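Using my numbering, you'd call the opening residue of the sequence shown number 46 and step up by one each time.
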Amino acid sequence: MQQRLTLALLTKGHLRVTSGAAKGEVSLYLLSGIATAPRFMEGFRSALHGALRREGYEVATSELMFPYGNWSRRIVPQLWEIGRDMRRNPRKTGRSIGGRRAIAAIGESRRSLGLSASSGKGRTILVGHSGGGVAAVHAAMQLIEQDGEAPSPLVVMIGSPRCRIPEQLRHSVLYVYATPPGTSTGSGRISDAICKLGSFGGWGGGSDVDFAGRASRRSFPGWNHNKYGPGGACGVPIIGWHPDYFREQPPYVNRMGLSNQWLTLHAVWEWLRGKI
């Protein structure tokens, strides 16, 4: 299902948020990718945290995590670990390097809240950038398997390489990718080369479409390019590419006065509002 931005919903550059009584508790975790600066996603975390609170949710915790390490760790081991995790069989997410580290960090967070490591507080939301999106998928699946979490954790992959998403999690995953400035949000054009790495494919039947909802032109008999793909996908027309989804200052502000971070946040928020 294609998630689309609608410019008619933009009002003075603010997100559409419905105020009201408390709607429940959520735990928000942001997972970074390779060689990331310690506060790279802090602005985005704070903005999404604020949107959830204004919508009426109690945010039990919101934290940044580094499942493959930050920029102080050597880059080669990080590349190797993400490469291994990208190729994981969807039935073997428990072996994921980044996923296991994220689960350990979530367990520690839960204990700090006075909860057992295997007991969450409300709905869990995992937002991963780059390789962090792969770790987020695997961590969410481990939460389901270990905790029997219902409803499933929600996962947002932003500028991430493709990995095979387990069937029971697919409709709880949004895939956000950069498109060239000025293109429509329903466009399947990808300007972030990292989003072209990896695969959602597998052998078998089912629908085989690209991000714009078009039938693939390169399907081999029996091969489904989207067999393990996300339930939702959305292009965001940001200025720049892979490291620029969360930029807030010029030159990463378009002619309408909207920053890259705002466009990314709007795409994520519109999907979350319909899922949480």
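By construction, the Cβ of each residue, glycine as well, lies at the ideal position given by its N, Cα and C atoms. Please read these numbers as outputs of a predicted model, since none were measured by experiment.
- For a cut-off of 8 Å, the C-beta gap from L73 to L97 is around 7 Å, short enough to register as a contact.
- With a threshold of 16 other beta carbon atoms within 10 Å, M301 falls short and is exposed.
- By the neighbour-count criterion, in which 16 or more other beta carbons inside 10 Å mark a residue as buried, V121 falls on the exposed side.
- With fewer than three CB-CB distances shorter than 8 Å, the stretch 297-314 does not count as touching the stretch 238-251.
- Taking P226 as the centre and dropping the five residues before and after it, the same chain places the C-beta of P282, I283, I284 and N299 closer than 8 Å to its C-beta, in chain order.
- Of the residues L188, E100 and H270, the one whose Cα lies closest to the Cα of G139 is L188.
- The DSSP-derived three-state label of R318 is helix.
- Given a length threshold of 4 residues, each whole run of the alpha helix (DSSP H) inside the stretch 108-189 is given here in chain order: 120-131 and 142-157.
- Of the residues assessed, Q123 falls on the buried side of the cut-off, its CB having 16 or more other CB atoms within 10 angstroms.
- Burial state of L158 is exposed, judged by a 10 Å Cβ sphere holding fewer than 16 other Cβ atoms.
- Taking C-beta separations shorter than 7 Å and ignoring five residues to either side along the sequence, the partners of T81 in its chain run F111, N115 and W116, following chain order.
- C208 sits in coil when the DSSP states are folded into three classes, being neither helix nor strand.
- If you draw a straight line from the Cα of W314 to the Cα of R129, it comes to about 30 Å.
- With 16 or more neighbouring CB atoms inside 10 Å of its own CB, G177 falls in the buried class.
- Considering only Y220, R318 and L317, the residue with the shortest C-alpha distance to N271 is Y220.
- Beta-bridge partners of M202 (DSSP): G173 and Y220.
- An exposed status is given to N134, since fewer than 16 other beta-carbon atoms sit within 10 Å of its beta-carbon.
- In this chain, the alpha helix (DSSP H) harbouring L93 covers E87 to E100.
- In this structure, P288 lies away from M202, with their beta-carbon atoms at least 8 Å apart.
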